[in-house]
Structures are given as C-alpha cells and as structure tokens.
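S.K.: Residue numbers (our numbering): 46 to 265. C-beta: ideal position from N, C-alpha, C; glycine also.
(1) Based on Cα-Cα distance, which residue from 207, 227 and 137 lies nearest to residue 196?
(2) Hey, could you find the ends of the alpha helix (DSSP H) residue 111 is sitting in?
(3) Buried or exposed: where does residue 106 fall if 16 or more other Cβ atoms within 10 Å of its Cβ makes it buried?
(4) Taking the alpha carbon of residue 198 as the reference point, which residue from 83, 179, 56 and 61 has its own alpha carbon closest?
(5) Any idea which residues DSSP pairs residue 86 with across the strands?
(6) Please classify residue 96 as buried or exposed, where buried requires at least 16 other C-beta atoms within 10 Å of its C-beta.
(7) Please identify the residue among 160, 183 and 164 whose C-alpha is closest to the C-alpha of residue 177.
(8) Can you grab the Cα-Cα spacing for the pair residue 226 / residue 99, in whole Å?
(9) Mind checking which residues open and close the alpha helix (DSSP H) that includes residue 251?
(10) Taking DSSP as the reference, what is the three-state secondary structure of residue 173?
(11) Between which two residues does the alpha helix (DSSP H) holding residue 163 run?
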C-alpha cells in the first residue's frame, strides 16, 4: 500500500500554506517523493479562484478590513469562497498519474472522503450533479477547488465544522446565487471538536485513497 504523510499544521495564514504547497509540488516534480496531506485551518480569508468574478464579493474592502478578513486571488479552479477558524481545510499533494487515477476520479474520491466523514458523525450529505463540493439538506457544507500541476494536485477542500457562517454573507459562495452554507455545528447543534472531525477524516482518506498514513511534524 502506498504511504502518505499527514501534516497537521494548526492555524496557518493562507499565503504561508500556499507556499508550503508550492514547495511540495516542486519537490515532487523534481524527484519521486511521498504524497502528502496537509490538514489545517486558516485565519479569516476570502479567496477568489481563476474563474471567479470580483463582483461575487458583495461588500466593500473596508468591510473585510473591519472584520480582519484577508483577500487573496489564487490559482485554483472555482470561484469565491471563505476560509476561517473552525473550518477543516485539506490540501492533498498527490501525483495522480502515479496513483493511477483520473482527475475526475480524484474529485469524486475527495468528495467521498467528506461524505463518509460526515456520515460517521450522523450527517447525511451528497453531491450535486455538475457541481463540485458536498451538500446537506441544510445547505452546502464543503467546497472543493483544485489545481493540477503536471499531474500533481494542490489546493483541495474546506469543510465547515464550526465556521462563522455570517462571513459567507460577504460573498456569493462559489458564484452560485442563493447558495446557503451550513456547518456541522449548525446541523448537530452541539460542538464537535475539529480535531475529532480531523481524525475521522484521516481514516476515510486512508481507506478511500488506499494509503498507509504516517504523521510528519516537520512542516508545522
């Protein structure tokens, strides 16, 4: 079974996490190296993807500054999304060619890791045809935005555990009008620690992508 290093990074500023990803991708492109799963949270941040429209940020810059929300224009697919404390963010750095999976299969599997994680804590969730991400009957609970650099993935998913959902009102999430965002906390009405969700997620990631996981603190 292939091995994958899991790096739990805690709360990391967006640009720093992006640079960690870039460094890992460049390393994999130069020489064979183990796949990596970065798990972390971001401080309050809005990111606008390659296909994003600036008008999908519906407040003035001064409002973002008042709430200490950073804004980054990024090279992933997708439109606009929000990151913040209480949101589990995962950035898999995987050579999908070596893993022998297609890009479509990679997205499908990534969605399945989230669906199975939510199922384990009693939340029913599902995909929506022609869209990326994971939904519940209460709204969208996880977003996915990916970039592939010569068959190596970067960026990933964001799962709302106890995220401040009010901050999503500053954007049109994923560019979808009337999209309602939800979280584990809102659905369950009780606090499930993000570390608990993270451990469940790791188990599902290992099973679905067929990895033996080890834990690497070198990047923390």
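M.R.: By the coordinates alone:
(1) Residue mapping note: residue 196 aligns to position 151 of the chain shown, counting from 1. Cα-wise, what sits closest to residue 196 is 137.
(2) Taking the first residue of the chain shown as 1, we reach residue 111 at position 66. Here the alpha helix (DSSP H) through residue 111 covers 106 to 111.
(3) Position 61 of the chain shown, counted from the start, is the residue given in the question as residue 106. Result: exposed.
(4) Walking along the chain shown from the start, residue 198 turns up at place 153. Taking only the C-alpha atoms, the option nearest residue 198 is 83.
(5) For this step, residue 86 is matched to residue 41 along the chain shown. In the DSSP output, where bridge partners are listed per residue, residue 86 has 56.
(6) Along the chain shown, one-based indexing puts residue 96 at 51. Residue 96 should be labelled exposed.
(7) Looking up residue 177 in the chain shown gives position 132. Cα-wise, what sits closest to residue 177 is 160.
(8) Indexing the chain shown from 1 puts residue 226 at position 181. Indexing the chain shown from 1 puts residue 99 at position 54. The straight-line gap from Cα to Cα measures roughly 19 Å.
(9) The residue given as residue 251 occupies position 206 in the chain shown. Where residue 251 is concerned, the enclosing alpha helix (DSSP H) stretches over 239 to 254.
(10) Taking the first residue of the chain shown as 1, we reach residue 173 at position 128. In this structure, residue 173 counts as coil in the three-state DSSP scheme.
(11) Translated into positions along the chain shown, residue 163 becomes position 118. Run containing residue 163: 148 to 165, per the alpha helix (DSSP H) assignment.
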